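Asks: Protein chains in written order, with my numbering: chain G, 1 to 191; chain X, 1 to 191. Glycine included, C-beta positions come from ideal geometry on N, C-alpha and C. A quick note: this is a predicted structure, and the numbers were derived from the prediction, not measured.
Number of protein chains: 2
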Amino acid sequence: MQYARPVPSGASQLVQAALRSFAASGFEGASLQRIADAAGLSKSSVLYHFDSKEALLDAALRPAVVDLRDLLGTADLDDPAGTQAFLARFVDFLFAHRLEVAVLVNHGSALRGQPVVDEADALVVEVAHRLRPADASDRDAVRFGVALAGAAFVLVGADRWATEQLPDEELRPLLAAVLAELVLPAAPQPA
Amino acid sequence: MQYARPVPSGASQLVQAALRSFAASGFEGASLQRIADAAGLSKSSVLYHFDSKEALLDAALRPAVVDLRDLLGTADLDDPAGTQAFLARFVDFLFAHRLEVAVLVNHGSALRGQPVVDEADALVVEVAHRLRPADASDRDAVRFGVALAGAAFVLVGADRWATEQLPDEELRPLLAAVLAELVLPAAPQPA
DNA sequence: GAGCGTACTGCACGATCGGTCAGTCCGGTT
DNA sequence: AACCGGACTGACCGATCGTGCAGTACGCTC
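(1) Against chain G, does S52/X count as a neighbour if the rule is that its beta carbon must be under 8 Å from one of theirs?
(2) For L19/G, which residues of its own chain have a beta-carbon under 6 Å away from its beta-carbon, when the five flanking residues on both sides are left out?
(3) What's the C-alpha gap between Q33/X and S42/X?
(4) With burial defined as no fewer than 16 other Cβ atoms inside 10 Å of the residue's Cβ, what is the status of T83/X: buried or exposed?
(5) Taking Q84/X as part of the alpha helix (DSSP H), name the residues at either end of that continuous run.
(6) Give a yes or no on whether the minimum CB-CB distance between G150/G and chain X is below 8 Å.
(7) What residues in the region 15-29 of chain G bring their beta carbon closer than 7 Å to a beta carbon of chain X?
(8) Please state whether the Cβ-Cβ distance between A110/X and G157/G is less than 8 Å.
(9) Classify F50/X as helix, strand or coil using the three-state DSSP reduction.
(10) How many angstroms separate the CA atom of A186/X from the CA atom of A134/X?
(11) Taking only the alpha-carbon atoms, compute the straight-line gap between L123/X and L68/X and give it to the nearest angstrom.
(12) Should V183/X go down as buried or exposed, given a rule of 16 or more other Cβ atoms within 10 Å for buried?
(13) Tell me, please, whether the CB atom of F153/G is closer than 8 Å to any CB atom in chain X?
(14) Taking the alpha carbon of D78/G as the reference point, which residue from R132/G, V103/G and D51/G has its own alpha carbon closest?
(15) Hey, L72/X and V127/X: beta-carbon distance below 8 Å or not?
(16) By Cβ distance below 6 Å, which residues in the same chain neighbour V15/X in space, the five residues on each side in sequence not counted?
(17) With 8 Å as the threshold, decide whether the Cβ of D91/G is near any Cβ in chain X.
(18) Could you say which of F93/X, R139/X, D118/X and S31/X lies nearest to L175/X if we only look at CA atoms?
(19) Of all the options A136/X, V117/X, D168/X and A147/X, which has the alpha carbon lying nearest to the alpha carbon of V66/X?
(20) Report back the beta-carbon spacing between A55/G and F153/X to the nearest angstrom; my notes put them in contact at under 8 Å.
(21) Does the beta-carbon distance from A23/G to V103/G come in below 8 Å?
(22) Give me the chain X residues within the contact set of H97/G, using Cβ-Cβ distance strictly less than 9 Å, ordered along the chain.
(23) Could you round the C-beta distance between D121/G and W161/X to whole angstroms and report it? I think they count as a contact, below 8 Å.
(24) Is it right to say G113/X is buried, meaning 16 or more other beta carbons lie within 10 angstroms of its own, or is it exposed?
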């Protein structure tokens, strides 16, 4: 009898190693050899499980894109309460897919043309568009952009610039609160 | 007699080509060959003007780091007016060094150990630290992080996600205003 | 035990990588 | 005319890149 497979040998740990490498070094900077070494396999094995380096990227990012699409599909953004709930789930998404978000946010512009990346970009545009009320000003739009980009980036670069590292479970509600503060039109502003 | 040199032949356009390549493809993704082609020179010429690829990166990022250090050195952050003035100049800095900021923000984590990058990171930490008032809460700190990262990223990824592109000169004051709104403790917030 | 599919590997390939080096061209001095 | 130094180049190097391919070890079913 076999319990939970102790080492999820094979493709799944290749995906994890690839994700780490892509996030740390970018797609071109990461080599199949180093990914294979990190996963404890040979370079040939990588290309046995995945047709190409691009296919490996696709496999690594796909779950995050699926999750984001689901999140957007079930979102209710008609009232402030729904929007706030969505933002909390969005922050959860960011936490759940840190590495994927890092790849998309930092190295996405070099990956235009990769289907996964293009899909992810389209979803981000949709998030921004649906969050924006009909009567939003340009300034509101800029604030939304800063909020979304900032939230993603605080998470992605947390280990890089954070002087005093907040533990994830303290940062999560704070990030959700700040996001809500910036996105909800509640915040009164002069003129 | 010679007016302003029409094509600033040589090293300076190599630096520009390199900056564009690094910003678009990352340090490892950019090759000396492609940089040379973009500058209309041979690969050998790149290594004639710069000792190594790393030296080229240094030359490309150095002016931005110098400007940021100057900006920080002359900053007066003791009162809200001084802080607001600093933020406007910070936004100007982001606009003036878009490509350098893109390299540092997107690919900086892969460039740890490069002296220019480490210096830039240290300056960013100093900006965040000096902006933060003594009585700032964790939530304030998160909002500052979102604001700074978001501002940088809105500029860096503007061409990627912006649905309706704002011209620079409209975006600039909006970004400064939003930054001030987020950083200055002026914004009233419930509990 | 023959046969088969899955997981995995070593080896070799052409291309490209960053970098070295000897040499060419050319305007300015002497 | 001889010389010099800066700008620039082509040929070449060893290493590494992504990828193709033949082969091996193992567990399963007839």
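Replies: On the basis of the data shown:
(1) As a position in the second sequence, residue 52/X is number 52, starting the count at 1. Cβ-Cβ to chain G under 8 Å: no for S52/X.
(2) Within the first sequence, numbered from 1, the residue matching residue 19/G stands at position 19. Answer for L19/G: A60 and L99, listed in chain order.
(3) Position 33 of the second sequence, counted from the start, is the residue given in the question as residue 33/X. Position 42 of the second sequence, counted from the start, is the residue given in the question as residue 42/X. Each residue's Cα considered, the two are about 7 Å apart.
(4) The residue labelled residue 83/X in the question sits at position 83 within the second sequence. Per the 10 Å Cβ criterion, buried.
(5) Here the question's residue 84/X lines up with position 84 in the second sequence. Element bounds for Q84/X: P80 to A96.
(6) On the first sequence, position 150 is the one that residue 150/G refers to. Yes, because at least one Cβ of chain X sits closer than 8 Å to the Cβ of G150/G.
(7) A24, S25, G26, E28 and G29
(8) Locating residue 110/X in the second sequence gives position 110, where the first residue counts as 1. Locating residue 157/G in the first sequence gives position 157, where the first residue counts as 1. In this structure, G157/G does not lie closer than 8 Å to A110/X by Cβ.
(9) As a working mapping, residue 50/X is identified with position 50 in the second sequence. Three-state DSSP puts F50/X in coil, outside helix and strand.
(10) By 1-based counting over the second sequence, the position of residue 186/X is 186. By 1-based counting over the second sequence, the position of residue 134/X is 134. Its pLDDT being 48, under 50, A186/X is placed unreliably in this model, and the coordinates cannot settle the point.
(11) What you label residue 123/X is simply residue 123 of the second sequence in a count that begins at 1. What you label residue 68/X is simply residue 68 of the second sequence in a count that begins at 1. Taking the straight line joining both Cα atoms gives about 7 Å.
(12) On the second sequence, position 183 is the one that residue 183/X refers to. Result: buried.
(13) Within the first sequence, residue 153/G is the residue found at index 153, counting from 1. Yes, its Cβ sits closer than 8 Å to a Cβ of chain X.
(14) For the purposes of this step, residue 78/G is identified with residue 78 of the first sequence, where counting begins at 1. Closest by alpha carbon: R132/G.
(15) For the purposes of this step, residue 72/X is taken as residue 72 along the second sequence, with counting starting at 1. For the purposes of this step, residue 127/X is taken as residue 127 along the second sequence, with counting starting at 1. The answer is yes: Cβ separation under 8 Å.
(16) Here the question's residue 15/X lines up with position 15 in the second sequence. Same-chain partners within the cutoff: A59 and A60.
(17) Stepping through the first sequence from its first residue, residue 91/G is reached at position 91. In the sequence as presented, Asp is not what sits at residue 91/G; that position holds Val. No, V91/G lies away from the interface with chain X (no Cβ there is under 8 Å from its Cβ).
(18) As a first step, residue 175/X must be located in the second sequence, where it is residue number 175. Nearest option by C-alpha distance: F93/X.
(19) Locating residue 66/X in the second sequence gives position 66, where the first residue counts as 1. Out of A136/X, V117/X, D168/X and A147/X, V117/X has the C-alpha closest to the C-alpha of V66/X.
(20) In the first sequence, counting from the first residue as 1, residue 55/G sits at position 55. In the second sequence, counting from the first residue as 1, residue 153/X sits at position 153. Contact doesn't hold; Cβ gap of about 29 Å is too wide.
(21) As a first step, residue 23/G must be located in the first sequence, where it is residue number 23. As a first step, residue 103/G must be located in the first sequence, where it is residue number 103. Yes, the pair counts as a contact, with Cβ atoms nearer than the cut-off.
(22) The residue you call residue 97/G lines up with position 97 of the first sequence. Chain X residues near H97/G: none, gap ~17 Å exceeds 9 Å.
(23) As a working note, residue 121/G is residue 121 in the first sequence. As a working note, residue 161/X is residue 161 in the second sequence. At roughly 7 Å, the Cβ-Cβ gap stays under 8 Å, so D121/G and W161/X are in contact.
(24) Your numbering for residue 113/X matches position 113 in the second sequence. By the neighbour-count rule (16 or more Cβ atoms within 10 Å), G113/X is not buried but exposed.
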